[in-house]
Structure formats: structure tokens, C-alpha cells
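Chemist: For the sequence shown, position 79 matches number 92 in the working numbering, and the numbering has no gaps at all.
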Amino acid sequence: MSHPADGAPGTATSTVPTPGAAGSTAAAPAGGGEPVLRAEGLVKTFGRVVGLDDVDLEVRAGEVLAIIGDNGAGKSTLIKCLTGAYVPDSGQLYLDGKPVHFRRPQDARDAGIETVYQTLAVAPALDITSNMFLGREVRRKGFAGSVLRMLDQRGMRASAEEKVRALGIATIQNMSQTVETLSGGQRQAVAVARAAAFGSKVVLLDEPTAALGVKESGQVLRTIKELRAAGLPVILISHNMPHVFEVADRIHIQRLGRRAAVVTPQSHTMSDAVAIMTGAAPGVDR
14 MSHPADGAPG TATSTVPTPG AAGSTAAAPA GGGEPVLRAE GLVKTFGRVV GLDDVDLEVR
74 AGEVLAIIGD NGAGKSTLIK CLTGAYVPDS GQLYLDGKPV HFRRPQDARD AGIETVYQTL
134 AVAPALDITS NMFLGREVRR KGFAGSVLRM LDQRGMRASA EEKVRALGIA TIQNMSQTVE
194 TLSGGQRQAV AVARAAAFGS KVVLLDEPTA ALGVKESGQV LRTIKELRAA GLPVILISHN
254 MPHVFEVADR IHIQRLGRRA AVVTPQSHTM SDAVAIMTGA APGVDR
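(1) As a quick exercise: from A138, V233 and V215, pick the residue whose alpha carbon is nearest that of Q190.
(2) Give every residue of the same chain whose Cβ lies closer than 7 Å to the Cβ of G82, excluding the five residues on either side of it in the sequence, and list them in chain order.
(3) Tell me the residue span of the alpha helix (DSSP H) that contains R51.
(4) Less than 8 Å between the CB atoms is what I'm expecting for P246 and V49, so what's the real figure, rounded?
(5) Nearest-angstrom Cα distance between L55 and A204?
(6) Which same chain residues end up closer than 7 Å to S213 when comparing Cβ atoms and leaving out the 5 residues on each side of it in sequence?
(7) Can you tell which of R153, L133 and K154 has the C-alpha that lies nearest to the C-alpha of N144?
(8) For I289, does the three-state DSSP call read helix, strand or coil?
(9) Do you know offhand how far E175's Cα is from E229's?
(10) In chain order, what residues of the same chain have a beta carbon less than 7 Å from the beta carbon of S284, not counting five sequence neighbours either side?
(11) Kindly indicate which three-state DSSP category S314 falls into: helix, strand or coil?
(12) With which residues is P112 paired in a DSSP beta bridge?
(13) Would the region 73-80 and the region 256-265 be scored as touching if the rule is three or more Cβ pairs under 8 Å?
(14) What are the boundary residues of the alpha helix (DSSP H) that A273 is part of?
(15) Could you compute how far the alpha carbon of T222 sits from the alpha carbon of G231?
(16) Can you list, in chain order, the residues of its chain with a C-beta nearer than 6 Å to that of E71? Leave out the 5 residues immediately preceding and following it.
(17) What three-state label does DSSP hand A243 in the structure shown?
(18) Exposed or buried, R162, counting other C-beta atoms within 10 Å across all chains shown (16 or more means buried)?
(19) Which residue's Cα is closest to the Cα of G168: T142, V160 and G226?
(20) Can you give the beta carbon distance from A121 to T90, rounded, assuming they're within the 8 Å contact cut?
(21) With DSSP run on the structure shown, which of helix, strand or coil describes V129?
(22) Residue range of the beta strand (DSSP E) that A79 falls in?
(23) Exposed or buried, what is R116 when buried is set at 16 or more other beta-carbons lying within 10 Å of its beta-carbon?
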């Protein structure tokens, strides 16, 4: 069988949320306790093409787990299996130690898993608050909300401001500002803040610094560190090795649909990781 390049095939809430592998190259998780999200033996095929071949993964509270790999390594397929965009052919996902079965992305979101994709799903013409609550607008209590269906604009704005402050996003001051007026880094920060507001379990970030300048990338990396400091597990998919080594606690290396190794920035250099990723150095054959 051959392995594909990564790629895709294709309600109002009642309350306002408040912030709040084996072998020598397998690294122990940085966070303590049981994994928040764990995958065991994930397999996903597309006809005769193998996307994932018996892949394990785990991430704990307060940990940044980076996933790296060449095109065709299975990164995107893995993320889609974790978030309900794909249903794995076999294998099992566990959330807080309990088996879960995601049949669609909404199932993962309902379980507290939020994803920020490289192509940001933001509405440029709407303001920051509206974007953070997009699809999850909060209605007022009582008659105004239940009958007149009026939105709790004040409550949503206060919650959005609190989340932005909690993440240390100093470049966003006016929550009424439309997203189309923001820089690339600020837009990414809005998307991450939205994910953090609703991602009560895990936040996944797909190439969050792609196409951003040095200053804007630094802003996003600081936001990732704030998520970790808040105790959230973060899964980061990135081709930018310096960024990976700056923020990751552990690095999951994919190669040809399999998990080749799990390393840390302390145990391996960037050159070591690239060598495993490309097959120039052996990893953990699973």
C-alpha cells in the first residue's frame, strides 16, 4: 500500500463561558497524571492508500505536544481522526480515560476539543466578540432571550474581554473592532482565544504561524504558552522547527503514516528530529 500526502477531502448556548512510545527515542509526557486525550492503534485507509498505520498518541494537561512530519506522513489524517472529521477504520480514542467515538467534528467540539485550522474560520466583517461566539451566540435570560431571541451582547463582550486578557493578548484592545482590520497575528490570536474559550479539554492548532511575520509569530507562540500555563493540553502541528522547539514539551514524529518517535527538545536537536522525520535516522518502529 502507498501513503498519501496530508490533506482534507472535503446553536446557541445557554451560558457565557468563563476562562479558566517504547524505545530510547520515546519521551515521557511532560504533564502529570493520566492523559486527557489518548489514541491507541489508529488506522485509516483510503482504498489501498494508508493514511494512518497503528498510530498512538497522548497529551496531558498543561502540555504542548507538537506533531511534525513530511508531506504524506499522516499529520492531517491524524488530526482529522482526533477531531471527528474522519472516523478511523480501527483503533480507539479516549478522553479523560473514557472511550469516545466522534462521528463528526461537532461531536469533538461538544466533548471540549477545539481546533484552529491554518485557514482561519473567521468572519472578517464581524467584530471580535461576534467571531469568538460565532455559532455559539448566547441569548439573554428570561422573556427577552426565550421569546424575543435577543442576544446577551454585554455578557458575550465581557467574557471575550476576559479571555483575551487571560491569554495575555495585549495587541487586542477593542472587542468591537472588525476582524478585517486586524493583522494576521491578531486574527490568529482571536481564533486561538475562541478555541480556548470553548476548548475545555484540548486545543489543536494547525500551522498557527504559517504566513506570519516574526513579530506576529512571536505573539502566537506567547499565546500557546499562556494556554499551557492555564493547564490546557495543546496539540501543535507545524513545519516550523524553531517554533516547535521553542514551545513543545514533547514532539511526536510521523513518517509514512506511522509514529516514528516521540522526543523532547532536551533529548534531541532539530537536526536529530529532521533525520528521524526523513528516515535518515531510525526512530521507534511501531
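Where a beta carbon is used, it is the ideal one built from N, C-alpha and C, also for glycine.
Modeler: Quick look at the numbers:
(1) A138
(2) K88, I266, Q267, R268 and M290
(3) No alpha helix (DSSP H) contains R51, which is instead part of the beta strand (DSSP E) from L50 to F59.
(4) 5 Å
(5) Distance from the CA of L55 to the CA of A204, rounded to the nearest whole angstrom, comes to 28 Å.
(6) G125
(7) L133
(8) helix
(9) Cα to Cα, E175 sits roughly 21 Å from E229.
(10) none
(11) Beyond the ends of the chain as shown, which are 14 and 299, falls residue 314; an answer cannot be given.
(12) In the DSSP assignment, P112 forms a beta bridge with Y107.
(13) yes
(14) Run containing A273: none in the alpha helix (DSSP H); it sits in the beta strand (DSSP E), R271 to V276.
(15) 9 Å
(16) P48 and R51
(17) coil
(18) Exposed, since its Cβ has fewer than 16 Cβ neighbours within 10 Å.
(19) T142
(20) Actually they do not touch by this definition, with Cβ atoms about 15 Å apart.
(21) strand
(22) Taken as a continuous stretch (DSSP letters only), the beta strand (DSSP E) holding A79 covers V77 to I81.
(23) exposed
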